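Visitor:
There are 2 protein chains.
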Amino acid sequence: MTDPVARIGDVARAAGVSTATVSRALRGLPHVASATRQRVLAAAADLDYRPNLPAARLAAGTTNTIATAVPDPAAWFNATIVGALGRHITAAGYDLLLSGVASSDERQRFIELNGVRSGRSDAVVLIDVALDAEIASAFVAQGGCAVTIGFRTPALSSVTVDNVAVGRSATEILLDHDHRRIGLLSLSGGDSLNFSIPSQRAAGYAGAHSTAGLTPDPALTVSTSNSWAEARRAAHALLRAAEPPSAIFAMCDEQAFGAMLAARDLGLRIPDDLSLVGVDDHDQSRLVGLTTVRQHVATQGAVAAELLLQMLGPNVGPPQHVQLDTELIIRDSVGPPRID
Amino acid sequence: MTDPVARIGDVARAAGVSTATVSRALRGLPHVASATRQRVLAAAADLDYRPNLPAARLAAGTTNTIATAVPDPAAWFNATIVGALGRHITAAGYDLLLSGVASSDERQRFIELNGVRSGRSDAVVLIDVALDAEIASAFVAQGGCAVTIGFRTPALSSVTVDNVAVGRSATEILLDHDHRRIGLLSLSGGDSLNFSIPSQRAAGYAGAHSTAGLTPDPALTVSTSNSWAEARRAAHALLRAAEPPSAIFAMCDEQAFGAMLAARDLGLRIPDDLSLVGVDDHDQSRLVGLTTVRQHVATQGAVAAELLLQMLGPNVGPPQHVQLDTELIIRDSVGPPRID
DNA sequence: CCTCATTCTGCAAGCGATTGCAGCATCTGA
DNA sequence: TCAGATGCTGCAATCGCTTGCAGAATGAGG
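Sequences listed follow chains A and B, in order.
Note that the numbering used here has the first sequence beginning at 85, numbered continuously upward.
Note that the numbering used here has the second sequence beginning at 85, numbered continuously upward.
1) First and last residue of the alpha helix (DSSP H) that includes B:Ser102?
2) Could you pull out every residue in the same chain whose Cβ sits closer than 7 Å to the Cβ of B:Arg252, ignoring the five residues on either side in sequence?
3) Residues of chain B with CB closer than 7 Å to the CB of A:Met395, please, in chain order.
4) From the beta carbon of A:Leu137, is the nearest beta carbon of chain B less than 8 Å away?
5) Rounded to whole angstroms, how far is the Cβ of B:Asp212 from the Cβ of B:Ile233, which I believe are closer than 8 Å?
6) Could you tell me the distance, in whole angstroms, from the CA atom of A:Leu408 to the CA atom of B:Pro398?
7) Would you say B:Gln384 faces chain A, with C-beta separation under 8 Å as the test?
8) Name the chain B residues whose beta carbon is nearer than 8 Å to that of A:Pro157?
9) Beta-carbon of B:Met344 versus every beta-carbon of chain A: anything under 8 Å?
10) Could you check what DSSP says for A:Ile414 in three-state terms: helix, strand or coil?
11) Flag A:Ser202 as yes if its beta-carbon sits less than 8 Å from any beta-carbon of chain B, otherwise no.
12) Run through chain B and tell me which residues come within less than 9 Å of A:Thr375, C-beta to C-beta.
13) Determine, for A:Phe279, whether the minimum Cβ-Cβ distance to residues of chain B falls below 8 Å.
14) What residue range is occupied by the uninterrupted beta strand (DSSP E) comprising A:His405?
15) How would you call B:Ile266, buried or exposed, if buried means at least 16 neighbouring beta carbons within 10 angstroms?
16) What does the Cβ neighbour count give for B:Asp337, buried or exposed, with the cut at 16 atoms within 10 Å?
17) Look at the Cβ atom of A:Ile165, then the Cβ atom of A:Gln339, and state whether they are nearer than 8 Å.
18) Can you tell me whether A:His263 is buried or exposed, with buried defined as 16 or more other CB within 10 angstroms of its CB?
19) What are the residues that DSSP puts in a beta bridge with B:Gly362?
20) With distance defined between alpha-carbon atoms, name the residue in B:Pro238, B:Thr299 and B:Phe235 nearest to B:Thr255.
21) Suppose you measure from the CA of A:Ala321 to the CA of A:Val248; what does that come to, to the nearest Å?
22) Tell me whether the beta-carbon of A:Arg378 lies closer than 8 Å to the beta-carbon of A:Ile414.
23) With distances taken from CA atoms, which of A:Arg141, A:Leu142 and A:Ala96 is nearest A:Arg123?
24) Please state the DSSP three-state secondary structure of B:Gly177.
25) Based on DSSP bridge pairs, tell me the residues matched to B:Ile332.
26) Report the rounded CA-to-CA distance for B:Ala319 versus B:Met335, giving the unit in angstroms.
27) I'd like the list of long-range same chain contacts for B:Ser205, defined as Cβ closer than 8 Å, with 5 residues on each side in sequence excluded.
28) So with CB distances below 7 Å, who are the chain B contacts of A:Val89?
29) Which complete beta strand (DSSP E) runs does the stretch 106 to 166 of chain B hold, if anything under 3 residues is left out?
30) Give me the chain A residues within the contact set of B:Val400, using Cβ-Cβ distance strictly less than 8 Å, ordered along the chain.
31) Quick one: complete alpha helix (DSSP H) runs, 4+ long, within the stretch 282 to 360 of chain A?
32) Have a look at the DSSP bridge pairing and note the partners of A:Ile233.
33) Does A:Phe341 get closer than 8 Å to chain B when you measure Cβ to Cβ?
34) Which residues in the same chain have their Cβ closer than 8 Å to the Cβ of B:Asp246, if we skip the five residues on either side of it in sequence?
35) Using a Cβ distance threshold of 8 Å, determine whether the stretch 152 to 162 of chain B contacts the stretch 165 to 178 of chain A, with at least three qualifying pairs required.
36) Identify, in the order they occur along the chain, each residue of the same chain with its Cβ nearer than 6 Å to the Cβ of A:Leu240, setting aside the five sequence neighbours on each side.
Here you go:
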């Protein structure tokens with residue numbers, strides 16, 4: 085059962101060289117005669133040798149692993165980013181470690197666990213899991229390497245979108261259609277992950293209002309998770325209030341889907357009885373004709389990977405912050421308010 | 085910058101004990117006096133000590149890591165499973181390594197990379213990435229530990245659903261509504277990952293037909309990926325054929341969404357002009373009123389985690405195969421065929 | 001033919017934990 | 001008070017690979 089697996093020494097013996105040479109040959113390092121390299125490769129193949137990773141990592145002091153913290157790995161947005169991120173870093177020879185980080189305790193734990201000191205990972209990417217500037221600085225001071233997606237901390241590289249612009253343009257299209265009571269389905273991020281996106285989009289929402297000389301009714305704002313079921317309940321409540329909104333801005337498409345369900349429950353047609361704008365441009369948004377502010381999600385993962393690989397490369401620079409464009413995608417969920 | 089990080093030796097010195105004792109104390113092993121343990125914990129906290137993982141793994145010969153192979157981590161089904169899986173194994177103190185495995189080459193590479201010998205992971209879970217029985221046996225012969233989700237190989241533990249029953253019940257409801265030309269949107273799995281699910285569901289589709297004394301028209305079957313865009317094109321073609329189907333059975337809800345789009349493109353109403361059944365019970369299915377065969381996706385991940393942890397425990401048994409129930413969820417996408 | 005530069009290659013010292021075994025206290029019961 | 005348990009600790013050997021340094025071999029130039 086536990087057959088003796090080949091070690092580097094066995095390969096060395098078989099090839100008639102030292103372990104040092106085997107190590108170099110197998111990793112394609114220079115200073116190995118090509119004849120020798122061939123011999124080593126043949127011996128390794130012959131013995132079906134696999135280097136032992138922990139040993140290599142211990143000796144080399146590097147892990148070739150990138151750890152990701154994700155509030156909810158099953159959410160479309162996160163899954164899409166992780167997919168893109170994984171594809172890129174895997175191509176570069178890194179492993180992807182995935183951690184669900186749903187609470188600030190878990191976030192704290194994640195940071196501690198993945199400091200350079202533990203040798204668990206070479207770098208870290210944080211998705212939507214905002215960090216105190218202080219913790220971030222401490223992290224890099226210890227040699228930590230990180231990029232954040234969805235929020236920005238000076239000390240860390242980041243990839244973001246302009247979330248106040250997102251909130252603004254979503255609100256504006258509604259305003260432009262003469263809506264005056266616009267509900268806001270805000271996003272609650274886990275418990276207290278300092279989730280900054282909702283407040284920024286809300287700022288855009290408020291900004292658009294004030295530009296139009298209006299003040300939004302605070303009663304029209306409710307927070308829910310990105311689950312459509314929860315959003316549905318919230319929208320339901322909103323729509324059955326004494327003075328219901330004629331339109332809803334949902335901070336993510338999944339919430340908008342929930343709002344659609346609520347509208348259907350109440351016999352409201354979209355956009356005749358209720359206008360709706362979301363954010364993300366979820367795969368399914370097109371299906372249901374949802375007008376939304378698209379952010380290029382997979383691209384965010386790809387860019388993050390790029391930043392990471394760059395940081396892990398030979399010449400490190402200061403943290404970089406890239407902000408991606410967003411665009412309003414007009415479909416069929418926005419129209420003029422119904423005239424009663 | 086590279087401040088001297090604390091090693092186990094530093095903690096030992098600070099606590100006035102040996103590294104052996106520190107190691108035991110920190111891991112909660114027995115045979116440590118509680119006073120000593122306190123002293124060690126205090127010293128460790130004081131120095132902000134983190135064990136070096138590669139070193140620990142090398143010495144202990146165990147990695148506390150589980151590697152997952154997933155064809156497409158961004159797909160809803162996979163993301164949901166990974167989320168559930170991750171939650172459970174993280175709770176048990178394991179790390180989750182995620183690998184996208186889109187081709188059979190990558191699958192092969194994944195297996196090689198994650199054999200016990202490499203010390204990359206303690207166990208492996210394969211999602212929808214079927215394996216030759218031979219490779220599977222070789223894997224366990226070398227001490228590999230694995231559970232598969234979505235397909236079954238004798239040598240490995242597995243969690244599955246009865247996919248022919250799935251195909252059968254989806255088809256039956258259509259047949260029961262007097263549909264006689266039922267289109268089949270089949271799933272093509274990457275290139276050649278031996279993706280067995282489509283053929284099983286297709287068998288159920290054929291079986292239901294023959295039970296009813298019918299033979300399905302092969303021209304009504306088309307394969308696409310699970311992208312709704314691709315499914316949309318395929319359904320489009322199907323519906324514009326000379327003799328279009330009056331109903332479509334889509335092997336996953338995402339495909340069904342694509343079919344819905346196609347129907348809309350062509351001005352067909354559901355279920356008046358076209359009936360539709362999917363599989364999965366995707367989050368959004370409810371939103372669009374899709375009748376579907378639900379499989380409990382998150383549960384599959386949870387059960388897989390359970391099997392894994394059990395296999396990694398002290399007493400290993402033979403591989404276990406658990407098959408989860410499915411259920412037909414009736415919504416609004418199935419009706420009688422239109423009478424021309 | 002000699003010297004110097006240029007490649008290769010091997011030696012051996014780490015990397016930072018874990019753990020079997022032996023040794024020393026302390027405790028128990030007679 | 002003494003023998004035998006029992007409970008804590010420490011010693012030191014490992015785990016398997018990487019890498020700085022020095023030595024050997026080869027080639028080029030004069």
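Every residue, glycine too, gets a C-beta built ideally from N, C-alpha and C.
Remember, it's a predicted structure, so these values are computed and weren't measured experimentally.
Guide: Quick answer:
1) B:Ser102 -> no alpha helix (DSSP H), and no H or E assigned at all.
2) Gly288, Gly291 and Ala292
3) The premise fails here: A:Met395 is roughly 15 Å from chain B at the closest Cβ pair, so nothing lies under 7 Å.
4) yes
5) 7 Å
6) 50 Å
7) no
8) Ala163, Val166, Gly167 and Gly170
9) yes
10) coil
11) yes
12) In chain order: nothing, as chain B lies at least about 16 Å away.
13) no
14) His405 to Leu408
15) buried
16) buried
17) no
18) buried
19) B:Thr376
20) B:Thr299
21) 26 Å
22) no
23) A:Ala96
24) coil
25) B:Gly267 and B:Leu360
26) 12 Å
27) Thr147, Thr149, Ile150, Ala151, Leu181 and Asn198
28) Arg201
29) 149 to 154
30) Within 8 Å Cβ-Cβ: nothing; B:Val400 doesn't reach chain A, min ~11 Å.
31) 312 to 323 and 337 to 349
32) A:Ile211 and A:Val243
33) yes
34) Gln407 and Thr410
35) yes
36) Ala220, Ala230, Thr232 and Pro403
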